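For reference, the structure discussed in these notes is given below.
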Amino acid sequence: MEIIKRNGERRPYEAEKIGRAIRAAFDSVPASPHTDIGKIVDSLTMEIEGDIKDLSKNGNLVQVETIQDLVEKTLIEHNYYAEVKNFILYRVDRTKKRDARKTIEQSFPTIDVRSVLLEVQNDFTEDEYNLNLLSHKFHSFKKNDMSERECLNLLIKAAVELTAQEAPRWELIASRLLMLSFTEELSVELEKRNIHSFYEKISYLEENGLYGDYIRKHYTKEELETAFSYIDTERNKLLTYSSLDMLLRRYVIRTRGHIPLETPQEMFLGIALHLAMLEKEKRMYWVKQFYDMLSKLQVTMATPTISNARKPYHQLSSCFIDTVPDSLDGIYRSIDNFAKISKFGGGMGLYFGKVRAVGSPIRGFQGAAGGIIRWIKLANDTAVAVDQLGVRQGSVAVYLDIWHKDVPEFLQLRTNNGDDRMKAHDVFPAICYPDLFWKTVRDDINASWYLMCPHEILSVKGYSLEDYFGDEWEKRYKDCVQDSRISKREIPIKELVRLILKSAVETGTPFAFYRDAANKTNPNGHKGMIYCSNLCTEIAQNMSPIQSQSQEIKTVDGETVVVTTTKPGDFVVCNLASLVLGNIEVTDRKELQRIVYSVVRALDNVIDLNYYPVPYAKITNGQYRAIGLGTSGYHHMLAKQNIAWESEEHLRFVDKVFEDINFAAIEASMQIAKEKGSYLYFEGSDWQTGAYFTKRNYTSERWQALQKEVQTSGMRNGYLLAIAPTSSTSIIAGTTAGTDPVMKRYFLEEKKGALMPRVAPALSMKTFWLYKNARLIDQEWSMRAAGVRQRHVDQAQSVNLYITTDYTFKKVLGLYLKAWEEGVKSIYYVRSQSLEVEECETCSS
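The sequence shown begins at 0 in numbering that gives the first Met the number 0 and counts up one residue at a time.
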């Protein structure tokens, strides 16, 4: 049978729809526990169907309204008066919804807005998402003689502006409308270019230098068509308006004329194809696994990976760290390395702790050295000059030890007072602290602290003080203080603390790196030393300076050339990704294990797939095979679990979650080592000796079993976990950033003249009070939580402090001390109420 819809369209008769409508009417009325509702509904449906067949005799077509009248009549005949009342109300409601759609649809004669609006009405049934609200808002913007495209933009704007903390899901409705707009434009552009399949699209993009030719070299046409079948466009509905807007503006592939030619799902698939490219077995299986974890928003890769995977210049790593030597050649080489890395979108950490201080001798000439500030200004100017094709300027953090003679001037690099010639406002200063500093601050704030020049110590004592940590460093520091041959700059430690806190409150920096905590738990301490961290303070890996060996004049192919030989040192690279804790069932160990295994494998593949801007990075990455698996959606996770931030339950819960994550990551790296071999320096490492497990008090049966297996099978990766800030990628995943609490439950952010809704994820009456504003949270709870997590994180965390104008210097100092006492390895920004800080995006993961 066929029926006639209200718009005159003929459609096949579907008895299930009548059954669902009757069932809904019965479900809305309290029934006796002995009543078999299903049996009643089936009987009534068959009776109505018989009436429809009678009316359809001789080829007559029955209208939808007639069928609904039959439902009412049949319910009345069987004395179901309450049910018929609800069915009538259902009809009225459907009519209102239909009318609301029609008032919007009239403005779109050729664009299929109707299908999206129908989906919205089916998926968003609460009163606050009534399309009448959208229609009213839309028509308040609309003017006569507007094009359909202009009208669609206004419809999107209307949905965006309806987003509120009482109705947060309008941002998902706005996303669906934006996807419709994008799809309409994309189809026109693809038709212009005669692109009708995924393979044709890849071919076109490759021929135009927008896609790496390595994809088609490694996959057959059939494999790429199979890969395309993995795409699930329903996952577009997971994207918020902010997520989709960011993907379309910044991450999908565009022509050189800025026309987008790639969908978000094709972007996720392209990244997966690249990350699985070198897999020798089950390659298509890994393509699907990687695509699923990305498209389900369970994992986000670092910003450079999302941006550059599948493209010709595939620099996939986020941050790099270089140890600046105390030589003219070495300093300029480090600046040159920074320029090359910045060119391809990487961020940099530069350790200046080996560079001699102001007034130190050069080649025996006393007082000749100009100190580190002039060299930092070079890094500052390089950050501004190498601006990544005009997209954004380079980013660099500069690290100095708290005992370095130039520290007082260093602490004023970004402050508003002092000599402008000593300023460098475009770098991010950071201080490396030994335990002794904080012990002295805690126990004797009136004590003196001694600042010295590392070059002078090396000349007099024959060793570099910065090359030690812990008790050995403390013993040598005190020896240097007592040695009258070494000049010292004595300063009351409380004055130094005042300078640190003044800068932190005024500028958000210096970042803090607790070097003893980092080195005591360094799993590869047998091979080196950790001097500092990276741009976003989450990386803690072995470092050593690049050393010039020789320059020789040689003849090559009849040409005279100069060959420079250098010892590469340990030039740190971090390859990042983040588990989106709010989008994962973290209490399900099997799910967690599966996702962690996939992302560890993907990150390990990045090491071999990466384009390295400097060769030193490739060498170090090949030796340690370091990765940085982090997390985002931390506050999102707590809210979903109905856990308050300021609670002991918070600390117990995250202790378990992060232990499970660490276990799964170690197990994954060990399994991959069985297949592909261990990293070069596994022998003698804490992984191999078992010290890694004893230092963290991993003594349960499952940990003991894993320890034995690691000692036997090895580890693929020398470093595993590092928690980055995830500023932009958390927006993509529709979750909270890093391990931070939310700043606000809801606000509208203005970007390029448009309003962008920012809503706490899964915001509802249930989660509302669990999303406490970051600055209203007692920061001691945050430091305690960071300490709990740190036991399970072999590297470091981007941990922010949120303070208000009520915070005294003493209270802020207490938070630094608390972090040190809890074993936290680093503090990122101090975010005061009056301060806007520039979030690191190169480390977003």
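Virtual Cβ for every residue (Gly too), placed ideally from N, Cα, C.
Predicted model only: the values in this text are computed from it and were never measured.
If you draw a straight line from the C-alpha of phenylalanine 767 to the C-alpha of glutamine 164, how long is it? Along the sequence shown, one-based indexing puts residue 767 at 768. Along the sequence shown, one-based indexing puts residue 164 at 165. Rounded to the nearest whole angstrom, the C-alpha separation of phenylalanine 767 and glutamine 164 is 9 Å.
Is serine 333 closer than 8 Å to valine 323 when the C-beta atoms are compared? Taking the first residue of the sequence shown as 1, we reach residue 323 at position 324. Taking the first residue of the sequence shown as 1, we reach residue 333 at position 334. Cβ distance < 8 Å, so valine 323 and serine 333 count as in contact.
7 Å CB neighbourhood of alanine 784 in its chain, flanking five on each side removed: Taking the sequence shown and counting its residues from 1, the one referred to as residue 784 is at position 785. Contacts found: His649, Leu650 and Val653.
To the nearest angstrom, how far is it from the Cα of threonine 225 to the Cα of alanine 308? Numbered from its first residue, the sequence shown carries residue 225 at position 226. Numbered from its first residue, the sequence shown carries residue 308 at position 309. Each residue's Cα considered, the two are about 20 Å apart.
I'd like the list of long-range same chain contacts for arginine 90, defined as Cβ closer than 7 Å, with 5 residues on each side in sequence excluded. Stepping through the sequence shown from its first residue, residue 90 is reached at position 91. The answer, listed in chain order, is Gln67.
Residues near phenylalanine 140 by beta carbon distance below 7 Å, same chain, minus five either side: Counted from its first residue, the sequence shown places residue 140 at position 141. Same-chain partners within the cutoff: Leu153, Lys156 and Ala157.
Taking isoleucine 2 and valine 63 to be in contact with their CB atoms under 8 Å, please state how far apart those CB atoms are, rounded to whole angstroms. On the sequence shown, residue 2 is found 3 positions in, with the first residue counted as 1. On the sequence shown, residue 63 is found 64 positions in, with the first residue counted as 1. Isoleucine 2 to valine 63, Cβ: 6 Å. Contact.
Hey, could you find the ends of the beta strand (DSSP E) aspartate 122 is sitting in? By 1-based counting over the sequence shown, the position of residue 122 is 123. Not the beta strand (DSSP E): aspartate 122 falls in the alpha helix (DSSP H), residues 112-122.
So, do the segment 789-798 and the segment 467-476 have three or more beta carbon pairs nearer to each other than 8 Å? no
Enumerate in chain order the residues of its own chain whose CB-to-CB distance from threonine 735 is below 8 Å, with the five nearest sequence positions on each side excluded. Counting from 1 along the sequence shown, the entry for residue 735 is found at position 736. Here the set comprises Gly581, Ser631, Gly632, Tyr633, His634, His635, Ser729, Val741, Ala759 and Pro760.
Proximal residues to leucine 450 (C-beta, below 7 Å), its chain only, five neighbours per side dropped: Position 451 of the sequence shown holds residue 450. Here the set comprises Trp402, His403, Lys404, Val406, Lys487, Arg488 and Ile490.
Report the three-state DSSP secondary structure of arginine 362 (helix, strand or coil). Counting from one through the sequence shown, the residue named residue 362 turns up at place 363. Of the three classes helix, strand and coil, the one that applies to arginine 362 here is coil, per DSSP.
Please name the residue, chosen from Glu188, Tyr284 and Leu238, that lies closest to glycine 256 on a Cα-to-Cα basis. Along the sequence shown, one-based indexing puts residue 256 at 257. When only C-alpha atoms are compared, the closest one is Glu188.
Leucine 679, buried or exposed, once every other Cβ within 10 Å from all chains shown has been counted against 16: Residue 679 sits at position 680 when you count from the first residue of the sequence shown. Taking every protein chain shown into account, the CB of leucine 679 has fewer than 16 other CB atoms within 10 angstroms, so this residue is exposed.
Contact set for isoleucine 877: own chain, Cβ-Cβ below 7 Å, skip 5 residues either direction: Residue 877 is absent from the model: the chain starts at 0 and stops at 844.
Anticipated Cβ contact below 8 Å, valine 595 with isoleucine 660, distance rounded: Walking along the sequence shown from the start, residue 595 turns up at place 596. Walking along the sequence shown from the start, residue 660 turns up at place 661. With a Cβ gap of about 6 Å, valine 595 and isoleucine 660 count as contacting.
Span separating the alpha-carbon of histidine 319 from that of leucine 747: Stepping through the sequence shown from its first residue, residue 319 is reached at position 320. Stepping through the sequence shown from its first residue, residue 747 is reached at position 748. For clarity, residue 319 is phenylalanine in the given sequence; the question names histidine instead. Approximately 34 Å, taken between the alpha carbons.
Cα-Cα separation, asparagine 858 to leucine 133: An answer regarding residue 858 cannot be provided, because it is not within the stretch 0 to 844 covered by the chain.
Under three-state DSSP, which class holds methionine 894? What the structure shows of the chain is the stretch from 0 to 844, and residue 894 is not part of that stretch, so it cannot be assessed.
Based on the DSSP output, what are the partners of arginine 830 in its beta bridges? As a working mapping, residue 830 is identified with position 831 in the sequence shown. For arginine 830, which the question treats as bridged, DSSP gives the partners Tyr801.
Do three or more CB pairs link the segment 675-691 to the segment 616-626 at distances below 8 Å? yes
Once DSSP output is grouped into helix, strand and coil, what is the label at isoleucine 485? The residue you call residue 485 lines up with position 486 of the sequence shown. If DSSP states are grouped into helix, strand and coil, isoleucine 485 belongs with coil.
Which runs of the beta strand (DSSP E) spanning at least 3 residues fall entirely within the segment 601-633, listed in chain order? 627-631
Presumed contact (8 Å Cβ cut-off) between alanine 643 and leucine 769, rounded CB distance: For the purposes of this step, residue 643 is taken as residue 644 along the sequence shown, with counting starting at 1. For the purposes of this step, residue 769 is taken as residue 770 along the sequence shown, with counting starting at 1. Alanine 643 to leucine 769, Cβ: 6 Å. Contact.
Nearest-angstrom Cα distance between arginine 615 and leucine 171? In the sequence shown, the residue the question calls residue 615 occupies position 616. In the sequence shown, the residue the question calls residue 171 occupies position 172. Position check: residue 615 holds tyrosine in this sequence, whereas arginine was assumed. The straight-line gap from Cα to Cα measures roughly 45 Å.
For the segment 428-508, list the beta strand (DSSP E) runs that are entirely contained and at least 3 residues long, ordered along the chain. 447-450 and 488-491
Between which two residues does the beta strand (DSSP E) harbouring leucine 578 extend? Stepping through the sequence shown from its first residue, residue 578 is reached at position 579. 575-579 is the span of the beta strand (DSSP E), which, as asked, contains leucine 578.
Verify whether the separation of the beta carbon atoms of phenylalanine 510 and alanine 429 is less than 8 Å. By one-based count along the sequence shown, residue 510 stands at place 511. By one-based count along the sequence shown, residue 429 stands at place 430. Yes, Cβ-Cβ distance for phenylalanine 510 and alanine 429 is below 8 Å.
Assigned exposure category for glutamate 558 - 16 Cβ within 10 Å defines buried: In the sequence shown, counting from the first residue as 1, residue 558 sits at position 559. Exposed is the call here.
Spatial distance of lysine 493 from asparagine 415 (CA atoms): Against the sequence shown, residue 493 aligns to sequence position 494. Against the sequence shown, residue 415 aligns to sequence position 416. Straight-line Cα distance between these residues: approximately 21 Å.
Assign tyrosine 80 to buried or exposed, taking buried as 16 or more other Cβ atoms, counted over all protein chains shown, within 10 Å of its Cβ. The count along the sequence shown starts at 1 and reaches residue 80 at position 81. By the 10 Å Cβ count, tyrosine 80 comes out exposed.
Kindly say whether isoleucine 371, judged by its beta-carbon, lies nearer than 8 Å to any beta-carbon of chain B. The structure shown contains no chain B; it holds only a single protein chain.
Tell me the rounded alpha-carbon separation between phenylalanine 197 and isoleucine 21. Taking the sequence shown and counting its residues from 1, the one referred to as residue 197 is at position 198. Taking the sequence shown and counting its residues from 1, the one referred to as residue 21 is at position 22. Approximately 44 Å, taken between the alpha carbons.
From the DSSP secondary-structure annotation, give me the bridge partner or partners of cysteine 318. Here residue 318 refers to the residue found at position 319 when the sequence shown is read from its first residue. Answer by DSSP bridge pairing, in chain order: Gly346 and Cys573.
Go through the segment 662-730 residue by residue and report every complete run of the beta strand (DSSP E) that reaches 3 residues or more, in order. With a minimum length of 3 residues, no continuous beta strand (DSSP E) run stays inside the segment 662-730.
Do the segment 432-444 and the segment 492-508 make contact, defined as three or more Cβ pairs closer than 8 Å? yes
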